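Residue numbers (the UniProt record's numbering): 1 to 379.
Note that the Cβ used here is the ideal one computed from N, Cα and C, for glycine as well.
Since this is a predicted model, take the numbers as computed values, not measurements.
Contents: one structure, followed by commentary.
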C-alpha cells in the first residue's frame with residue numbers, strides 16, 4: 001500500500017469539491033451566528049436545527065451585499081459556492097447574494113411557494129433538462145421594450161450568425177404579469193411542437209425592486225416553467241436577485257446578458273475549432289498513410305526475402321536431385337563396364353528370370369547386342 005501525504009489528500013478533496021458543478025450557485029437557508037470581520041472579509045456560520053456551515057463574504061464582494069441583513073439570530077437565504085481550502089483541510093460557503101427571510105408579505109409568499117414547490121420536488125436536479133450546446137432557435141419570454149431584450153439580441157447576434165431568435169412580448173411586472181409569463185411559456189411550447197422547434201427558452205427580465213420581480217416568484221409561473229418541454233434558462237434581475245423561477249428552471253443565469261451567453265454558442269470560435277480539428281485530422285490521416293506505406297514496404301521487403309529464400313532452397317534441392325540422378329544414371333553405371341539385360345524392353349535383373357534358348361538384348365555403354373542363352377548358373 002502506497003500511503004498519501006496529508007497535503008496530497010487535502011488537495012485531492014479540494015479539487016473534487018471546487019470542481020463539482022452541483023456545489024455552485026447553491027441557495028441555502030439558515031440562521032446566522034458568530035459574525036466577525038477580519039482583513040475586510042466577513043465570517044459567520046449558517047445553521048439549522050442539526051448542522052452548522054461556515055460561511056464567508058469576501059472583501060471584494062461585500063459592497064454588493066446588504067450586510068445589515070447578517071445579524072446573529074437573523075434568518076437569511078444565501079446564494080453561493082462551496083469553497084475548499086486544501087492547506088487547512090476544511091471548506092466553507094462563499095456567499096455572493098443574500099436575501100432576508102420571512103420579513104414582509106412578499107417574503108412570506110416567497111417562502112410559502114418555495115417550501116411547497118421544494119416539497120413537491122420541483123427544484124430537484126433530476127428534473128433539470130440539459131441546455132443544448134448548439135441551439136438553432138432561441139425563444140425569449142420577456143418585455144419587448146426593456147433593456148433586457150436589447151442586451152439579449154445584441155449578445156446572440158454578435159456571437160452567433162446561425163441561431164434564430166423568437167421573441168414572445170411579455171408583461172413582466174405588475175397586475176397580469178404572471179398570467180402573461182405563463183401564457184407565453186405555453187405559447188412557446190406550442191410553437192416548438194408546430195414545426196418551429198425551439199431549442200432553448202430564456203425567461204426573465206432586467207433588474208428592479210422586489211415588487212418589480214415578484215411575478216417570477218409566482219407559483220403558477222414556477223409550475224409553467226417546470227412543465228415546459230423546452231429547456232428554460234431563468235434570467236431575472238441582477239446577480240444578487242434570486243427568484244423562485246431561478247430554482248425551478250433548468251438553468252439560472254445571473255443576468256439576461258449572461259442568459260444570452262449561455263444560450264448561444266460562439267460560431268466564430270466554433271468555426272476556428274472546426275478548422276483546427278480539420279487540420280489535426282488531416283495531419284493524422286497523412287501520418288497514418290505514411291505509417292501504412294511504411295508497413296506495406298516492410299511487408300513487401302519481407303515477402304521478397306521469403307520468396308527469394310524459398311527459390312534458393314528449391315534451386316538447392318534441384319541441384320541435389322540432379323546430382324542424385326547423375327550418380328544413379330544407368331549410363332554412368334554402364335560406363336564402368338556393366339551391362340543391362342532386357343527382354344521385350346523390360347529389364348531382366350535376376351538369373352531366375354532367364355530362360356534357356358531365349359534371345360535377350362544386352363545393352364552396354366556404347367551400344368547393344370543380342371545374345372541367346374545356352375546355359376545359366378544361379379547362386
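Check whether the Cβ atoms of residue i and residue j sit closer than 8 angstroms, and answer yes or no.
i	j	result
residue 152	residue 259	yes
residue 21	residue 247	no
residue 57	residue 76	no
residue 347	residue 360	no
residue 220	residue 178	yes
residue 286	residue 129	no
residue 204	residue 234	yes
residue 198	residue 230	yes
residue 123	residue 116	no
residue 48	residue 30	yes
residue 156	residue 163	yes
residue 71	residue 95	no
residue 54	residue 14	no
residue 212	residue 173	yes
residue 141	residue 185	yes
residue 201	residue 215	no
If you follow the beta strand (DSSP E) that residue i is part of, which residue opens it and which one closes it?
i	result
residue 257	Unbroken run through residue 257 is the alpha helix (DSSP H), 256-263; no beta strand (DSSP E).
residue 88	Element bounds for residue 88: n/a, residue is neither H nor E.
residue 404	Absent from the model: residue 404. The displayed extent of the chain is 1 to 379, so no value can be given.
residue 375	Careful: residue 375 lies outside any beta strand (DSSP E) and carries neither H nor E.
residue 362	359-364
residue 125	Run containing residue 125: none; DSSP gives neither H nor E here.
residue 223	Element bounds for residue 223: not the beta strand (DSSP E) but the alpha helix (DSSP H), 219-227.
residue 343	340-343
residue 356	It is not in any beta strand (DSSP E) - residue 356 carries neither H nor E in the DSSP assignment.
residue 169	164-169
residue 71	No beta strand (DSSP E) holds residue 71; DSSP gives it neither H nor E.
residue 172	Segment: none, residue 172 is in no beta strand (DSSP E) and carries neither H nor E.
residue 213	It is not in any beta strand (DSSP E) - residue 213 carries neither H nor E in the DSSP assignment.
residue 201	200-205
Which first and last residues belong to the alpha helix (DSSP H) in which residue i is found?
i	result
residue 186	177-193
residue 135	Counting along the chain, residue 135 falls outside any alpha helix (DSSP H), and DSSP gives it neither H nor E.
residue 236	Looking at the DSSP string, residue 236 is not in any alpha helix (DSSP H); the run it does join, the beta strand (DSSP E), is 232-236.
residue 28	Where residue 28 is concerned, there is no enclosing alpha helix (DSSP H), although the beta strand (DSSP E) it sits in stretches over 26-38.
residue 289	267-327
residue 59	59-62
residue 156	147-159
residue 348	Element bounds for residue 348: n/a, residue is neither H nor E.
residue 6	6-19
residue 244	244-248
Relative to the C-alpha of residue i, which residue among the options is closest?
i	options	result
residue 393	41, 78 and 77	Only positions 1 to 379 of the chain appear in this structure, which leaves residue 393 out of reach.
residue 267	36, 158 and 320	158
residue 222	362, 131, 261 and 121	121
residue 206	143, 196 and 185	143
residue 228	216, 190 and 35	190
residue 147	236, 311 and 332	236
residue 385	24, 10 and 7	This structure leaves residue 385 out entirely; the chain is present only between 1 and 379.
residue 89	67, 8, 78 and 68	8
residue 80	65, 37 and 327	65
residue 85	362, 294, 187 and 16	16
residue 245	44, 110 and 131	110
residue 37	67, 50 and 10	67
residue 354	375, 335, 193 and 339	375
Count the other CB atoms within 10 Å of the CB of residue i; is the residue buried (16 or more) or exposed (fewer)?
i	result
residue 371	exposed
residue 134	exposed
residue 175	exposed
residue 46	buried
residue 314	exposed
residue 364	exposed
residue 114	buried
residue 344	exposed
residue 4	exposed
residue 19	exposed
residue 325	exposed
residue 73	exposed
residue 366	exposed
residue 306	exposed
residue 12	exposed
residue 232	buried
residue 241	buried
residue 289	exposed
residue 78	buried
residue 192	buried
residue 182	buried
Assuming residue i and residue j make a contact with CB atoms under 8 angstroms, what is their CB distance in whole Å?
i	j	result
residue 239	residue 257	Contact doesn't hold; Cβ gap of about 11 angstroms is too wide.
residue 373	residue 357	6 angstroms
residue 138	residue 263	5 angstroms
residue 243	residue 217	5 angstroms
residue 265	residue 160	6 angstroms
For a cutoff of 8 angstroms on Cβ pairs, would you count residue i as touching chain C?
i	result
residue 58	You won't find chain C in this structure, because it holds only one protein chain.
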